[in-house]
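Engineer: Residue numbers (our numbering): 1 to 692.
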Amino acid sequence: MAKKKKKLVIVESPAKAKTIKKFLGKDYKVEASMGHVRDLPKSKLGIDLESDFEPNYITIRGKGKTLNKLRKAAKKSKEVYLATDPDREGEAISWHLAYALKLSDQENNRIEFNEITKNAIQNAIKNPRNINKDLVDAQQARRLLDRIVGYRLSPLLWKKVRKGLSAGRVQSVAVKIICKREEEIRDFDEEEYWSLEVELKNDENQTLKADLYRIDNKKYNLATQEEVEQVVEAIKKEEFEIIKVKKRKRKRNPKSPFTTSTLQQRASTKLNFTAKKTMYIAQQLYEGIDIGSSGTVGLISYIRTDSTRLSNEAKKGAKDYILAEFGTDFLKKKKEKSKKNANAQDAHEAIRPTDTQRTPEKIKKHLSKDQFKLYDLIWKRFIASQMSSALYQNISAQFKVGEKYKFRVSGSRLLFPGHLILTGKEKEKDIDLPVLTEGEKYKLIKTNPEQHFTTPPPRFSEASLVKTLEEEGIGRPSTYAPTLSTIESRDYVKKEGRYFEPTELGETVTKLLTEYFPDVTDVEFTAELEKNLDEIENGNKDWKQILRDFYEPFYQRLENARENMESVNIVEETDEVCDKCGSPMVVKYGRYGKFLACSSYPECKNTKPYLVRTGVDCPDCEEGEIIERTSKKGRTFYGCSNYPDCNFMVWNKPVEKPCPKCKSLMVEKTTKAKGKHHKCTNKECGHIEKVD
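1) Between the alpha carbons of S294 and L665, how many angstroms are there, rounded?
2) With 16 as the cutoff for other CB atoms within 10 Å, does P654 come out buried or exposed?
3) Grab me the residues of T423's own chain with a C-beta within less than 7 Å of its C-beta, minus the 5 sequence neighbours each way, in chain order.
4) Could you pull out every residue in the same chain whose Cβ sits closer than 6 Å to the Cβ of T171, ignoring the five residues on either side in sequence?
5) Identify, in the order they occur along the chain, each residue of the same chain with its Cβ nearer than 7 Å to the Cβ of E89, setting aside the five sequence neighbours on each side.
6) Beta-carbon separation of P353 and F372 under 9 Å?
7) Within this structure, are the beta carbons of R498 and R181 separated by less than 9 Å?
8) So what does I626 bridge to, in DSSP terms?
9) So, for L611: in the same chain, excluding its five sequence neighbours on each side, which residues have a beta-carbon less than 6 Å away from its beta-carbon?
10) Measuring CB atoms only, is the segment 239-253 touching the segment 386-397, in the sense that at least three cross pairs come out at less than 8 Å?
11) Kindly indicate the opening and closing residues of the alpha helix (DSSP H) around Q140.
12) Can you look up N312 in the DSSP assignment and give me helix, strand or coil?
13) Per DSSP, what are the beta-bridge partners of M585 in this structure?
14) For Y589, which of S583, T607 and G582 has the nearest alpha-carbon?
15) Are the CB atoms of V409 and L212 within a distance shorter than 9 Å?
16) Where are the alpha helix (DSSP H) runs, 4 residues long or more, that stay fully inside the segment 225-309, in chain order?
17) Measuring only the C-alpha atoms, how far is M649 from D146?
18) Would you please state the rounded distance, in angstroms, between the beta carbons of E507 and C179? I believe it to be under 8 Å.
19) Going by C-alpha distance, which of Y220, F453, L529 and L596 is nearest F188?
20) Which parts of the segment 474-521 are runs of the alpha helix (DSSP H), unbroken and 4 residues or longer, counting only runs that do not cross its ends?
21) If you draw a straight line from the C-alpha of T259 to the C-alpha of L103, how long is it?
22) Quick one: Cα of L331 to Cα of N448, how far?
23) To the nearest angstrom, report how far apart L513 and D549 are at their CA atoms.
24) Counting C-beta neighbours from all protein chains within 10 Å, is the total for I570 16 or more, i.e. buried, or is it exposed?
25) Once DSSP output is grouped into helix, strand and coil, what is the label at A397?
26) Helix, strand or coil: which one does DSSP assign to A210?
27) Cα-Cα, which of E191, K163 and K236 is closest to E197?
28) Look up H678 in the DSSP assignment and say whether it is helix, strand or coil.
29) Using three-state DSSP, classify A342 as helix, strand or coil.
30) By the three-class DSSP mapping on this structure, what secondary structure does E689 have?
31) Skipping 5 residues on each side, what residues in its chain have a beta carbon closer than 8 Å to that of W543?
32) Roughly how many whole angstroms lie between the Cα atoms of E573 and Y643?
33) Check whether the segment 466-482 touches the segment 516-536, taking contact to mean three or more Cβ pairs, one atom from each stretch, closer than 8 Å.
34) My output table needs one value for R32: the three-state DSSP class, helix, strand or coil.
35) Would I125 and T468 qualify as a contact pair, given that the criterion is a beta-carbon distance under 9 Å?
36) What would DSSP say about T423, mapped onto helix, strand or coil?
Okay, here's the thing in structure tokens:
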């Protein structure tokens, strides 16, 4: 009896394969392609410019065994389904797999699903389709554009600035945005201004605080201490009469469920996760986690999306949960249209849990600490989005003081929590006020003038940079994490705390690119390219025409830069002295990163490892210095310079000042609750000092 042939399903990752396998049964075989199987060659441009930008795809090195395994499995299978991710890149992977496995373009062998659940997988199998060539072409256009920019500009930067640099269509714009903000900060002129708060009481000894609101019915500007003292002198003997009381109810609506971008932003501000870390953990939650009796299941829907749209099934799940846990009053009353970003592709639902009843607390024991934090964030945001608005009672009053001055007081009280019952940490602080009546008079108890200075615009954090890139239409949310990692690893920017600051190298490269390749670093031009990619996806534009339009002016600028761009020599001096000739040591860059070299090269060829010093002596051996090191997984830690003879290490940056209580080592930490602070490493002590 002939052995019954199985149906083959190909996904990208083993984790996804493991999750899907349990939903399909014994008639199916699930294999993983391990991502892309074909790509442009690394050693050359890989685009035939003379043949109308024809790409020269090759099998990726190391993927030969995987492809052979897939080919054998395909030959033995009754049918082959390509189940890569439901986006442009996933479509391109399926297209490359179809080519490598010699599958027909006309076959309905492409399946897609927005979540890895039993229903979603089985419905996808029932509804296969052809590979969408428009999606593939949009991805090809992006890949080739990025390859042309990277492989033509990077060698130019190697020649004119230094080896190891790179330029990119999105990364160069991101660096320029950071550099432009730094210019604004440098050019900022601080200005002094004053505010005036007063403490008042009525005849019943009820007190409140009010702020100066108008002078001569106009917005005021108290620029000096003398000016605020004149106001204080003018009002100190006057009565404060209430001339207007305003009461209104205000709703605080729940936020929409997460998109890729808003998830990255919120995880950054609330959990202190980098964009890269957020996407890494979200991918684990999407592909599947073993949660005990239910086995391995995908906990959240697809994580690369720019839409806040939700399916009716998802809304019903949220509704059932809200009614059971909180009651009818907490359910959203009217249906709201999902807000669609002008640049959104709207191909998928928002990021949401695959099963509303799978609460964070129920599965906490099966998740890592970081997985739980992110799942909790996603789950609560989704449920809250389907809950009723919070309702506040706002009260404000204006006080007339003499003929010239007006003061104002305002407060609010929470009348109904709505969605805040779930996300209570974001609840606004209630301000109690006495009953305010028009015509009522108050007496002045105390004046509290306060000096202020205008501040420059803040540097970009990961969250604010991601938000800006999305608002400007630069790149796509799925590209932000690798972009931020690249500009930091290339030393174009550095992080001071949580904020990006451009390096001298970053500003130099940005200046050169802006001068010779204004389009590459122009926000509007880059955003327009993104729109063109969307038009290709929608079948409205030819992908090769976009490449033609881009390449001709780009090539002319490239030739001009090769001939006229001046070479730049950026020298990073250090306090280190060469132990062979006594000359200063400078920072150089090799294939393994930074190292120190003698400034007298080539006369002296002495080199040393590049160490990021903290200036803090090792508390264990007392001979070494604590230096910055990097773990195998790329995480920064601090260890003794005498390693391996001394194994001392801490994860947080040490500070020179010892603990005032026990004299142990103090380290620098930043948490949402305590902000930036220094903490003693002695667990028995645990002393904490706030840092301004």
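Cβ coordinates follow ideal geometry from the N, Cα and C atoms, glycine included. It should be emphasised that the depicted structure is a prediction, and the values quoted were computed from it without experimental measurement.
Structural biologist: Reading off the structure:
1) Straight-line Cα distance between these residues: approximately 47 Å.
2) buried
3) K380 and A384
4) In the sequence as displayed, the identity of residue 171 is Gln instead of Thr. Closer than 6 Å at the Cβ level, and outside the excluded window around Q171, lie T483, T486 and I487.
5) Q139
6) no
7) No. Outside cutoff.
8) C640
9) I627
10) yes
11) Annotation: the continuous alpha helix (DSSP H) that includes Q140 extends over K133 to K160.
12) helix
13) DSSP, once it has assigned bridges, lists C598 as partnering M585.
14) Of S583, T607 and G582, the residue nearest in Cα terms is T607.
15) no
16) Qualifying alpha helix (DSSP H) stretches, in chain order: 225-235, 260-271 and 275-287.
17) Straight-line Cα distance between these residues: approximately 41 Å.
18) About 5 Å separates the two Cβ atoms, so the contact holds.
19) F453
20) Fully enclosed alpha helix (DSSP H) runs of 4 or longer: 477-489, 504-516 and 518-521.
21) 34 Å
22) 45 Å
23) C-alpha separation (whole angstroms): 20 Å.
24) By the neighbour-count rule (16 or more Cβ atoms within 10 Å), I570 is not buried but exposed.
25) strand
26) A210: strand per DSSP, three-state reduction.
27) K236
28) strand
29) Its pLDDT being 48, under 50, A342 is placed unreliably by the model, and nothing is read from it.
30) strand
31) D137, A138, Q140, A141 and I536
32) Each residue's alpha carbon lies about 26 Å from the other.
33) yes
34) Residue identity check: residue 32 is Ala in the sequence provided, not Arg. The answer is strand: DSSP assigns A32 an E or B state.
35) no
36) coil
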